[in-house]
Amino acid sequence: MTTALVTGASAGIGRAFAERLAREGSDLVLVARNAARLEELARSLRERHAVRVEVLVADLADRDATGEVCARLEDDVRPVDLLVNNAGFGLRRSFLDNDLAQEEAALDVMVRAVLLTCHAAGRAMRARGHGAILNVSSVASFIANGTYSAEKAFVTVFSEGLASELSGTGVTVTALCPGFTRTEFHERARMSVSALPGPLWLDADDVVQQALADVAAGKVVSVPGAQWKVLTTAVRLLPRPLVRGAPMRAVDRFRRR
Ligand SMILES: NC(=O)c1ccc[n+]([C@@H]2O[C@H](COP(=O)([O-])OP(=O)(O)OC[C@H]3O[C@@H](n4cnc5c(N)ncnc54)[C@H](OP(=O)(O)O)[C@@H]3O)[C@@H](O)[C@H]2O)c1
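To convert, take the position in the sequence shown, counting from 1, and add 2; that gives the working numbering.
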């Protein structure tokens, strides 16, 4: 039996992780802000898959609430074997036009919470000699599209560094870098994505399946979907001034509505 803690489990990719992990027989700790959605999902998963599901309501922009999630990860009586750091959101406006409070919340949820939970889980797993951490980053981490890219670049590079630090301890770390995935993400950020070509879209269940296969294989960076593997390889080969140009402007179009 394993136990997985999934942040941002009330919707989208996080919910798909919870569904799949429960189907595979994993006990779960579900973390997000929306208590009603988490309780409903927990009830449904317990009924359908006979697994134990805890609900931990937490706003990861809040330092104390994040501390409670860390305390759960440090609990040796109920060890967490897999941490899925998935909670996140898009920013509608560019940095200088955005509200600073929203920018700080994004930093807190997508950087500080990842840092703190990885510290807690990494130490606990290292002491036990096994475990896995999966940090949901983005293909945006390979380009230079505002603070969202910068935060996701932190997640990717931080995960790579932590994977090296934990090498040989029995604990793996994977950065998951999906492209556009059908979830609530774009509607919540009020992005205009209707013009995005169909073949670029990923399905959350497919993303999760690929991610968990890559975690099992010990991959450090996971890019689901052949189309995104090709695109990200191309972007990583481009001279950086080009990365600051065309791909960034293309992505930026989706932000404005
Ligand atoms: N969809 C894409 O195209 C795409 C592409 C690349 C990467 N990603 C990344 O994938 C991850 C999941 O996004 P998604 O697409 O599944 O979006 P989503 O459908 O909007 O789900 C986001 C999840 O994050 C939770 N969340 C947001 N703010 C939170 C906070 N302050 N505290 C705790 N939980 C919070 C939400 O729950 P509550 O509202 O209940 O708190 C929700 O469960 C994010 O890190 C995102 O950056 C998404």
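Glycine included, every Cβ here is placed at the ideal spot set by N, Cα and C.
All values reported here derive from a predicted model rather than from experimental measurement.
The alpha-carbon separation between Leu23 and Val210 amounts to approximately 9 angstroms. When rounded, the separation of the alpha-carbon atoms in Val245 and Glu41 is 43 angstroms.
Here Thr5 is bridged, per DSSP, to Asp29.
Note on Glu153: 16 or more other CB atoms within 10 angstroms of its CB, so buried under the neighbour-count rule.
With the rule of 3 Cβ pairs closer than 8 angstroms, the region 89 to 99 does not count as touching the region 41 to 52.
Residue pairing by DSSP puts Asn87 in a beta bridge opposite Asn137.
Cβ neighbours of Gly133 within its own chain (closer than 6 angstroms, five residues either side excluded): Asp83, Met127 and Val173.
Not one heavy atom of ligand 1 is found less than 7 angstroms from the C-beta of Val159. Within the chosen limit of 7 angstroms, ligand 1 reaches the beta carbon of Ala60 through at least one heavy atom. A straight line joining the alpha-carbon of Ala38 with that of Leu239 spans about 45 angstroms.
The residue from Pro226, Arg74, Ser151 and Ala236 with its alpha-carbon nearest to that of Ile15 is Pro226. With a minimum length of 4 residues, the unbroken runs of alpha helix (DSSP H) contained wholly in the region 34 to 64 fall at 37 to 51. Counting only residues of its own chain and dropping the five nearest sequence neighbours on each side, Ala213 has a CB closer than 6 angstroms to the CB of Leu178 and Ser224. Across the set Glu56, Thr4, Ser140 and Val159, the C-alpha of Ser140 shows the shortest separation from the C-alpha of Ala89.
According to DSSP, Val175 shares a beta bridge with Ile135. If the five residues before and after Arg35 are omitted, its C-beta is found closer than 6 angstroms to the C-beta atoms of Asp61, all from its own chain and listed in chain order.
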